[in-house]
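*Asks:* Mapping to numbering that gives the first Met the number 0: the sequence shown position 76 is 75, numbers consecutive.
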Amino acid sequence: MSGSRKKLAKALSKTTGVPMNMAIKFINVTLQEIINETMHSGKLNIKNFGTFKYKTAPEKKVVNLSTMEKIKMQARKTIAFKPSKTLHRYINNGQN
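#1: Where DSSP assigns a beta bridge to ARG75, which residues make up the other side?
#2: Assuming LEU30 and THR37 are in contact, meaning their beta carbons sit under 8 Å apart, how far apart are those beta carbons, in whole angstroms?
#3: In terms of DSSP beta bridges, what is VAL17 paired with?
#4: ILE23 and LYS5: beta carbons closer than 9 Å?
#5: Using alpha carbons as the reference points, say which of THR85, ASN92, ALA8 lies closest to PHE48.
#6: Enumerate, from N- to C-terminal direction, the unbroken beta strand (DSSP E) stretches of 3 or more residues contained entirely within the segment 19 to 50.
#7: If I follow the unbroken alpha helix (DSSP H) through THR85, where does it start and stop?
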């Protein structure tokens, strides 16, 4: 588990009073459900937070800078996140 998940779980545990192991489980299930729903429906909008989008990045040509060899990079699937206007304003107004 990464440090960020631990921080989230610790904050959740502290503010709600749930045990740390339950907070970790909650964080993991929430993140997995975000991924599942985004992949299943192609898009997940969480009001006042942002939108997750499942999309395919097209195939493209790139250059290996150490050998200058041209390589074809295969198309790949990815999830993108776009913050809501509310979250964007919150971040840019320095309210942490």
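For every residue, glycine included, the Cβ atom is placed at its ideal position computed from N, Cα and C.
*Replies:* Reading off the structure:
#1: ALA56
#2: So it is not a contact: roughly 11 Å between Cβ atoms.
#3: None, per the DSSP bridge assignment.
#4: yes
#5: THR85
#6: 42 to 45
#7: 84 to 91
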